[in-house]
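Worksheet: the structure to be examined is printed underneath.
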Amino acid sequence: MRHITLTVEESDAGERLDRLMARKLEGISRSAAEKLIEGENVWIGQKNRDKSFRCASGDTVEILMPDPVPLEVIPQPIPLDIPYEDEDLLVVNKPKGMVVHPAPGHADGTLVNALLAHCGDSLSGINGVLRPGIVHRIDKDTSGLLIVAKNDFAHRNLAAQIKDHSFTRIYEAVVTGNLKEDNGTVDAPIGRHPVERKKMAVTEKHSRRAVTHYQVITRYRGFTHVRLKLETGRTHQIRVHMAYIGHPVAGDPVYGSRKPIRGFQGQCLHARVIGFHHPRDGRYLEFTSDLPPYFTNFLKRLSPL
């Protein structure tokens, strides 16, 4: 068991306990938070509280986090594109369409299933049984680079780099419409959508600061090819921010137009560059992934301005 203490800040006041835990604890979903609360592993003021308990500023949340249980996800020998690997971590070039970890409707065929076959027991356990080794993730229909930790030491170090913004993540995307400026920054807080709970949104309520820097690569008729650098890493950050400024990612079925792009499925978004300091010796490593065929083929269909 691990003992975790959270202090409720003024900006968190009034938020439900389960939502607060899901937002504050790395790798913990709201359903996982509910299970911890129902299992009487969470206290405020030395009392177990209901999941709907509204936290007050200054409250101290005490959490007993159970140790990871034996993994039940089945290893599957799915081919992986691995640009780099050592005893602490590996960098994976994920194809579009692959889910990162098992979830309802995606019990197998995920990156985690493939990693278990490739790494065996050599994956960190911090994020629990369904997300072993997963330090950060990218969406199913986003392709490109992500990092996987083979042990808890590497996982904690890499997670800290993400938290203090020393972790490099650069994406390329095709967005709808034409951006007026050649470059700019979107600095707008992201939190859970107030009505559609499966979506994220720019909101001041129960949100966290989110910053995305963008640069135009090429303008096309009706579309713009852009480079995007994440300063923070919120859920769906690029997709939410681009939609917020009126230029959703092309093909995004959630934040973009409901009308599909003829002959194209899923959003045109690729994690192009990843850079980090190696947790063992501090070396800065950076990797670049070529734009995949689905992306380059889409660009070929467009007419430059």
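Using the numbering used here, read the sequence shown as starting at 5 and increasing by one per residue.
Think of the CB as a built atom: it goes at the ideal place given N, C-alpha and C, for glycine as much as any other residue.
Within this structure, are the beta carbons of Phe227 and Leu120 separated by less than 8 Å? It is not a contact, given that the beta carbons lie outside the stated cut-off.
Please list, in chain order, all residues of the same chain as Lys28 whose beta carbon is under 6 Å from its beta carbon, the five residues on each side excluded. Leu10
Length-filtered (3 minimum) beta strand (DSSP E) runs lying within the region 252-292: Correct list: 273-281 and 288-292.
Going by beta carbon distance, what residues of the same chain come within less than 6 Å of Ser15, once the five residues before and after it are set aside? none
Report yes if the CB atom of Val230 is closer than 8 Å to the CB atom of Gln241, and no otherwise. no
CB contact flag (Pro99, Ser56, <8 Å): no
Beta-carbon within less than 6 Å of Ala275's beta-carbon, same chain only, minus the 5 sequence neighbours each way: which residues are those? Ile142, Gly148, Leu149 and Tyr175
Output needed for Leu94: all residues of its chain with C-beta closer than 6 Å, excluding positions within five of it in sequence on either side, in chain order. Closer than 6 Å at the Cβ level, and outside the excluded window around Leu94, lie Ile86 and Val152.
Just verifying my parser: in three-state terms, what is the DSSP assignment at Met69? strand
Quick one: complete beta strand (DSSP E) runs, 3+ long, within the region 167-207? 172-180, 187-191, 194-196 and 204-206
For Phe155, which three-state DSSP category applies? Sequence inspection shows Asn at residue 155; the Phe mentioned does not correspond to that position. Asn155: coil per DSSP, three-state reduction.
DSSP beta-bridge partners of Pro308: Answer is Tyr224.
Anticipated Cβ contact below 8 Å, Asp92 with Lys154, distance rounded: 6 Å
Residues that DSSP places opposite Arg20 in a beta bridge: Per DSSP, the beta-bridge partners of Arg20 are Arg58.
Assuming contact is defined by CB atoms lying nearer than 8 Å, are Leu68 and His7 in contact in what I supplied? Yes, they are a contact pair.
Mind checking which residues open and close the beta strand (DSSP E) that includes Lys98? Leu93 to Lys98
From Val116, Asp112 and Ile78, residue whose alpha carbon lies closest to that of Val96: Val116
What separation, rounded to the nearest whole angstrom, lies between the Cα atoms of Val178 and Ala192? 21 Å
DSSP on Lys51, reduced to helix/strand/coil? strand
Where Arg135 and Ala17 are concerned, what is the direct C-alpha to C-alpha distance, given to the nearest angstrom? 30 Å
Tell me which residues share the same chain as Arg259 and place their Cβ nearer than 8 Å to its Cβ, disregarding the 5 neighbours each side in the sequence. Before going further, note that residue 259 is Tyr rather than Arg in the sequence given. Cβ neighbours of Tyr259 beyond the five flanking positions: Lys203, His240, Arg243, Val244, Met246, Ala247, Pro252 and Val253.
Residue range of the beta strand (DSSP E) that includes His7: Arg6 to Thr11
Reduced DSSP category for Val77 - H, G, I as helix; E, B as strand; rest coil: coil
Considering Val116, what are the terminal residues of the alpha helix (DSSP H) in which it resides? Leu115 to Cys123
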